[in-house]
Amino acid sequence: MKTKAFQDTALSCLGMGNMRLPVGEDGKIDYAKAGEIIDYVYRHGVNYFDTAWPYHSGESETFLGDIMPKYPRESYHLATKYVSFAGPDYKGIFEAQLKKLKTDYIDFYLIHAVFDNNADDYINSGCIEYFKEQKRLGRIRHFGFSSHASVATLEKFIKANDEWDFAQIQLNYMDWTLQDAKGQYEMLTQHRIPVMVMEPVRGGRLAKLTPETEAELKAVHPDWSIPSWAFRWLMRLPNVQVILSGMTTLEQAVNNVETFTNGEALSDADAELLLQVCEKYQKQISVPCTACRYCCDGCPEGIDIPAMMEIYNSLKVSGIWGIKEQILSHEKNAANCIGCGACATHCPQSIQIPDVMSELAAIVG
Ligand code: SF4
Ligand code: SF4
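Numbers 23 to 387, taken from our numbering, label the letters of the sequence shown in order.
And the structure:
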């Protein structure tokens with residue numbers, strides 16, 4: 023397992039994310055299967071285990087508290103987080119987390135999920151000062167935050183504390199430009215804050231591409247798995263500290279360990295190819311709507327068709343999160359579509375609009 027120095031210790035470059043653990047039919051964590059994954063990655067050198075208060079509806083921390091004490095406490099690092107929607111009682115939540123994790127200190131503690139619309143709430147809540155105090159008391163070893171915020175908010179949040187040890191951001195080759203992960207990475211690097219990576223394969227979207235784009239990558243490196251391209255791309259970034267992977271199966275764990283044991287960072291040529299393939303992949307999974315609105319006048323239901331196309335593309339590229347709300351924010355939406363097909367005959371891009379509407383309508387239910 024590759025490791026990288028961090029302050030006075032060394033962290034494995036692969037971190038175990040505990041938000042997508044295997045579950046049983048009842049939706050609860052399958053302790054046997056999840057324990058097998060933890061044991062495999064631990065025995066192969068992973069020493070960073072990331073969880074958070076809300077993961078698996080609170081069960082993830084409990085699971086780690088049950089499973090990790092069989093290993094020597096100094097041989098691994100626990101990371102967990104305080105999230106504001108859990109309630110304003112950050113002191114009580116922190117104490118509860120120590121109990122759930124069955125430990126008297128957290129190695130890496132984070133303010134969780136900073137967004138543009140909650141950064142000020144965190145800053146004004148007093149929680150930063152409180153967690154800094156816990157660090158002085160030795161109950162937190164390293165203090166950081168995770169962010170989905172814009173670069174401007176990220177900078178403001180960085181300046182809210184003069185001693186951030188690390189930060190966690192969503193970083194992968196697709197978001198490098200799509201969500202300005204490049205700008206976020208550079209901002210953190212400029213402030214000398216090491217980066218923990220979340221969503222390195224974009225919630226699985228970069229683990230499986232289209233047959234054509236996968237073939238382009240396989241033609242160059244037939245033995246590499248598709249997800250490993252994403253990890254190898256991240257290995258090129260010197261300020262990346264730990265790359266978290268939310269592993270659900272033992273097979274994923276085996277593949278990831280292999281990549282982080284024997285895999286090297288992409289060459290310049292491979293990195294360039296990957297970004298070209300990514301561009302092609304995004305086009306292939308999206309509809310090429312130009313928002314010309316030629317389709318709109320003929321729609322008997324008055325649906326804002328280009329708005330629905332935009333939501334559809336967001337679904338394909340970014341996943342289901344928030345999609346239902348986006349659809350329903352339009353009074354006339356895909357659910358109102360009667361499938362008459364009047365729109366499709368006017369579309370210069372030959373988009374099968376009724377099919378797209380039907381897929382979106384199924385999400386609304
Ligand atoms: S198929 Fe649906 S979106 Fe297209 S014109 Fe008919 S009702 Fe409108
Ligand atoms: S006609 Fe086609 S390209 Fe133009 S807005 Fe409608 S769906 Fe988009």
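All C-beta atoms in this analysis are idealised placements derived from N, C-alpha and C, irrespective of residue type, glycine included.
Within-8 Å CB hit, residue i to chain C
i	result
E236	Note that chain C does not occur in the displayed structure, where there is just one protein chain.
Cβ shell of residue i (< 8 Å), same chain only, five flanking positions each side left out
i	result
P322	I360, C362 and A364
Y62	L272, A275, V276 and V279
S82	N40, M41, L43, I51, T73 and A74
G160	Y127
V299	L231, T235, E238 and L239
K354	E323, G324, I325 and D326
D143	S106
I342	I385
Sequence-distant residues of its chain with Cβ nearer than 7 Å to residue i (five each side left out)
i	result
E221	Q192 and N194
A182	I145 and I150
A287	R254, M257 and R258
V45	I51 and D52
P216	F28, F188, N261 and Q263
A141	A171, T175, K178 and F179
Y65	The sequence as given places Arg at residue 65; Tyr does not occur at that position. Cβ neighbours of R65 beyond the five flanking positions: none.
Whole-angstrom C-beta distance between residue j and residue i, which should lie under 8 Å
i	j	result
G39	G268	4 Å
Y104	F116	7 Å
Q206	L176	6 Å
D129	H78	D129 to H78, Cβ: 20 Å. No contact.
C369	C317	5 Å
Y131	I162	4 Å
I349	L296	Not quite, the Cβ-Cβ distance comes to about 32 Å (not below 8 Å), so this is no contact.
Y152	Y112	6 Å
S250	T270	In fact, because the Cβ distance is near 17 Å, the residues do not count as touching under 8 Å.
K24	T283	7 Å
L266	G37	4 Å
Residue i versus residue j - alpha carbon distance
i	j	result
A389	N335	No answer is possible for residue 389: the residues shown for the chain start at 23 and end at 387.
E155	R214	22 Å
I89	V264	22 Å
A291	W246	16 Å
A366	I333	18 Å
S106	E294	39 Å
K178	T31	29 Å
M218	Q190	4 Å
G49	A108	21 Å
S168	P76	14 Å
A101	N69	11 Å
I327	I345	15 Å
Y93	I60	11 Å
T84	P91	12 Å
S34	C311	43 Å
C314	Q374	15 Å
G285	P244	14 Å
G148	K124	26 Å
L210	W186	10 Å
A252	P376	34 Å
G225	Q201	15 Å
Q371	A329	15 Å
K204	M196	10 Å
Other residues of its chain near residue i: CB distance less than 6 Å, five sequence neighbours each side excluded
i	result
S308	N335 and K338
G80	none
D138	A171, S172 and T175
A241	none
G57	I89
K122	E83, T84 and G87
- Item | Segments of 4+ residues assigned as alpha helix (DSSP H) that fall wholly inside the segment 182-210 | Residue ranges of uninterrupted alpha helix (DSSP H) with 4 or more members, entirely inside the segment 182-210 and ordered along the chain, are 197-200.
- Query: Residue ranges of each beta strand (DSSP E) run of no fewer than 3 residues wholly in the segment 88-161, ordered along the chain?
  - Reply: List check, beta strand (DSSP E) in window: 99-104 and 128-136.
- Message: My parser needs the beta strand (DSSP E) runs of 3 or more residues fully inside the segment 282-315; what are they?
- Response: Taking only runs of at least 3 residues, no beta strand (DSSP E) segment lies wholly in the segment 282-315.
- Message: So within the segment 213-272, which uninterrupted alpha helix (DSSP H) runs reach at least 4 residues, ignoring any that extend past its ends?
- Response: Entirely contained in the segment 213-272, the alpha helix (DSSP H) runs reaching 4 residues are, in chain order, 233-242 and 248-256.
- Task: Please specify which runs of the alpha helix (DSSP H), each continuous and at least 4 residues long, are wholly inside the segment 310-345, giving them in chain order.
- Result: Unbroken alpha helix (DSSP H) stretches of 4 residues or longer found wholly inside the segment 310-345: 327-340, given in chain order.
- Task: Go through the segment 59-92 residue by residue and report every complete run of the beta strand (DSSP E) that reaches 3 residues or more, in order.
- Result: Within the segment 59-92, the runs of beta strand (DSSP E) at least 3 residues long that lie entirely inside it are, in chain order, 70-72.
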